[in-house]
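Each remark here refers to the structure printed beneath this line.
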Amino acid sequence: MELSIVLLLAVLTGLLLLLARGHPKAHGRLPPGPRPLPFLGNILQMDRRGLLKSFLRLREKYGDVFTVYLGPKPVVMLCGIDAIREALVDQAEAFSGRGKISSVERIFHGYGVIFANGERWKLLRRFSLSTMRNFGMGKRSIEERIQEESRCVVEELRKTQGAFQNPTFLFHSMTANIICSIVFGKRFSYKDPKFQRLLDLFYRTFTLISSFSSQVFELFYTFLKYFPGTHRQIYKNAQEIMTFIEDAVEKHRETLDPSAPQDFIDAYLIRADKEKSDPHSEFDHRNLICTVLSLFFAGTETTSTTLRYGFLIMLKYPHITERVHKEIDQVIGPHRLPALDDRAKMPYTDAVIHEIQRFSDLLPIGLPHMVTKDTHFRGYFMPKGTEVFPILHSALSDPHDFENPAAFNPDHFLDASGALKKNDAFIPFSMGKRICLGEGIARMELFLFFTTILQNFSVTSPVAPEDIDLTPQESGIGRVPPVYQISFQSRRGD
Ligand code: HEM
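Quick note, the sequence shown lines up with residues -22 to -1, 1 to 472 if you use mature numbering (1 follows the signal peptide of the UniProt record, and there is no 0).
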C-alpha cells in the first residue's frame, strides 16, 4: 500500500516536472539550465539581489548560453559579446522578434514600435526611422535642436546661482523636449505644469518598472496579474500619459495640413489617411498612440538617466571632470556652443562619455527578444516563439574587453597615444535588427548636453567625493542611479 502511494507520488511529480519543462518536442533541445519546479520555474535559483545577479551566477555554472524558467516560461540567456553577436547579428532575422515585459504587457499588447512583431514591427520601424530623420534626425537639424535646448538649460542653471539641487527633473525636461520637438512639433517650458506632471509620471514609471517587485512580477505574471501591485500603478500612470498623447493627436487632426506636415504625428495621420481603405493597414490609432508612447519612454528616460549617472560620476571623480574642462577650453573655448564636429577633436571627453554609458549599464539585461522561427543555435534548438535575453551587462563588463570593468576608468576607451579606442564589446544600444532606433539622436544628445553644461559650469556635491556611493537605487530591467544633490557654479564668475 505504502509502496503504491510512493509510486503514485513519483509518477505525479514526474508529470509535473514534464509539464513545467514542457514537452521535450514542444521546446526542442533548449540550452542547459537548472531544473525548474512545476509552475514556479527556477525560483530557487533566483538571487534576492535581482534577476541580473541570478543570471550571472547561473552563467558561471552553465556557460554563455543557458535556459532559465521565469515561472513556467523558458527564456534563453545570451552572455558575452560572442554569443550575443552570433545570435542578434549572424542570425539577425531569426532573433529579431520582441519578447514580453510582463509589467507593461497590458499597456502595449503588441502595439507600437518597441513591442510590435512581424510585419507590424517592420512597417512601424521603417516609418519611425524615416520620419524622425525628416523631422530632425537628419544630422544638421537635430544638432540645432539640441543646441537650442542646451542654451535653455544653461540659462535655467544660471538662475539656480549654485544652489544644491536634484538634477532629475531638468535632465528629463531637456531630453523630453528633443522628442517633443520631433513628435509634437514643439518644446515645452520647464515651468509648464502639464509637462512637469508628464515627466514625473515617466520617472515614477521607469523606477517602478526597474523595481524588485516588477522582477517578481516577471516571474509570476500569470498568477500575480490578478492581484494589486506595482503593475497596476504602472498601468495607471501609462493611462494618464496616453490621455495626454490622445489630446495632442486630436489637436493635430484639427490643424493638419496634408501638404505641409509639421511633425511625427502629422506624418502618421497623413499615412493613415492614405491607407484608410485598407482594412489591414497597421497605421491605425492604437499603433500611433503606442508608438508615440514608445518613443517618449525609450527616448526620455534612457538619455536623461545616463546623464544623471554621468554627473554623479563627475562629482565622485573631480580629477576626471577637470580634464574634461581642460579639453573643452582648448577645443571649444568659452564663447561658442559645442558642435558635433568638435567630438573628433575631443578624445578624452568622448572616452568619458563612452565610459559613462558602459559603467551606468542602463539596460543590463537588454530588452527581451523572441525567435521568429524554429532556430538552431550553437547545437541547440529553440522553437519559434522562444524568448531570449541578450545580457548586455555581460558584454559591457567583460574583463577580456575592459581591464577593470567594476571601476570607472576612461582609459577603457583610450589607446596609448590618447586617441579614442573603439571596443566591439561596447553595446549599450544592443545590436542587430532591433538595435536602438534612437542611437544616433542619443549619442548627439549625450555629447552636446554634457559638454555644454561643463563648458559653462563646474560641479560640486555636498558629500565628499570619497563618500559618494555609485550603487544604483534600482537595478532590474533598468538601472537607476541614487538620488543626489549637485551644485552648478558658473565658470565665468557671473
Ligand atoms: C542613452 C540612451 C539610450 C540607450 C542606452 C538605449 C538603449 C536601447 C536598447 C538596449 C534597446 C533594445 C534593443 C534590443 O531590442 O536589442 C533600445 C530600443 C529602442 N530604443 Fe533606445 N536607447 C537610448 C535612447 C533612445 C532614444 C533617444 C530613442 C528615441 C529617439 C530610443 C528609441 C528606441 C526604440 C524605439 C527602441 C525599440 C526598437 C525596436 O524594437 O525596433 N532610444 N534602446
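Ideal Cβ placement from N, Cα and C applies to all residues, glycine included.
May I ask whether a heavy atom of the ligand HEM can be found less than 8 Å away from the beta carbon of residue i?
i           : result
Ser159      : no
Phe407      : yes
Glu417      : yes
Leu30       : no
Gln463      : no
Gly363      : no
Gln69       : no
Ala420      : yes
Gln23       : no
Pro450      : no
Met110      : yes
Glu232      : no
Glu64       : no
Glu423      : yes
Ile413      : yes
Ala276      : yes
residue 477 : Past the edges of the chain, shown from -22 to 472, lies residue 477, and the structure says nothing about it.
Pro368      : yes
Leu341      : yes
Ser272      : yes
Gly454      : no
Ile92       : yes
Thr153      : yes
Thr280      : yes
Thr430      : no
Gly344      : yes
Gly410      : yes
Given that a residue counts as buried once 16 or more other Cβ atoms are within 10 Å of its Cβ, and exposed if not, what is residue i?
i      : result
Gln433 : buried
Phe142 : exposed
Ser188 : buried
Lys294 : buried
Ile413 : exposed
Thr233 : exposed
His263 : exposed
Ser395 : exposed
Met115 : Any reading at Met115 must be qualified, since the residue scores a pLDDT of 49, below 50, and its modelled position is unreliable; the value itself is stated next. With 16 or more other Cβ atoms within 10 Å, it is buried.
Thr280 : buried
Arg27  : exposed
Asn387 : buried
Thr208 : buried
Using the Cα positions of residue i and residue j, report the straight-line distance between them to the nearest angstrom.
i           : j      : result
Ala(-3)     : Gly49  : Because Ala(-3) carries a pLDDT of 45, less than 50, the predicted location of this residue cannot be relied on, and no value is offered for it.
Arg336      : Tyr199 : 31 Å
Phe289      : Lys304 : 17 Å
Val82       : Leu345 : 12 Å
Gln193      : Pro383 : 25 Å
Glu80       : Lys203 : Glu is not the amino acid found at residue 80; the sequence shown has Ser there. Going from the Cα of Ser80 to the Cα of Lys203 covers about 9 Å.
Lys137      : Gly416 : 31 Å
Gly363      : Met409 : 20 Å
Arg182      : Pro9   : 36 Å
Gln125      : Gln308 : 20 Å
Ala403      : Leu374 : 6 Å
Leu448      : Arg314 : 33 Å
Ser127      : Ile431 : What sits at residue 127 in the sequence shown is Glu, not Ser. Each residue's alpha carbon lies about 11 Å from the other.
residue 474 : Thr327 : This structure leaves residue 474 out entirely; the chain is present only between -22 and 472.
Thr153      : Phe427 : 9 Å
Phe274      : Ile21  : 33 Å
Pro206      : Leu18  : 20 Å
Cys57       : Asp68  : 15 Å
Glu423      : Val131 : 13 Å
Arg470      : Ser436 : 10 Å
Lys51       : Gly277 : 29 Å
Thr429      : Arg457 : 23 Å
Ser465      : Met292 : 12 Å
Met220      : Thr438 : 38 Å
Lys117      : Lys172 : Any reading at Lys117 must be qualified, since the residue scores a pLDDT of 48, below 50, and its modelled position is unreliable; the value itself is stated next. Cα-Cα distance, rounded: 30 Å.
Can you name, in chain order, every residue of its own chain whose Cβ lies under 8 Å from the Cβ of residue i, other than the five neighbours on each side?
i      : result
Tyr246 : Phe105, Thr109, Phe261, Leu266, Thr269
Gln23  : Pro12, Ser32, Arg35, Leu36, Val46
Would residue i count as contacting chain C if we go by Cβ distances under 9 Å?
i      : result
Ser439 : No chain C appears in this structure, which consists of one protein chain only.
Measuring from the CB of residue i, is there a heavy atom of the ligand FAD at a distance below 8 Å?
i     : result
Gly88 : For the structure depicted, the ligand FAD is absent and the ligand set comprises only the ligand HEM.
Among the residues of its own chain, which have a CB less than 6 Å from the CB of residue i, if the five just before and after it don't count?
i      : result
Ala4   : Below a pLDDT of 50, predicted positions are generally treated as unreliable, and Ala4, at 44, falls in that range; the measurement from the model is reported next regardless. Around Ala4: no qualifying Cβ.
Arg165 : Asn155, Cys158, Ser159
Below 7 Å CB to CB, which residues in the same chain sit around residue i once its five sequence neighbours on both sides are set aside?
i        : result
Thr(-10) : Confidence is the limiting factor: at Thr(-10) the pLDDT is only 42, short of 50, which leaves the residue's position unreliable and the question unanswerable from this model.
Gly88    : Ala94, Asn95
His1     : Confidence at His1 is low in this model, with a pLDDT of 41, below 50, so the placement of that residue is unreliable and no value is reported for it.
Glu218   : Leu179
Quick check for students: name the residue ranges of the alpha helix (DSSP H) that lie wholly in the segment 206 to 244, counting only runs of 4 or more.
List check, alpha helix (DSSP H) in window: 208 to 233.
**Request:** With a floor of 4 residues, list each alpha helix (DSSP H) that falls wholly inside the segment 278 to 347, ordered by position along the chain.
**Result:** Runs found: 296 to 309, 325 to 338.
Discussion item. If we require 3 or more residues per run, which beta strand (DSSP E) segments fall completely within the segment 22 to 91?
Written reply: Counting only runs that start and end inside the segment 22 to 91, the beta strand (DSSP E) elements of at least 3 residues fall at 43 to 48, 51 to 57.
Entirely enclosed beta strand (DSSP E) segments - the segment 360 to 418, minimum 3 residues:
The qualifying runs are 365 to 369.
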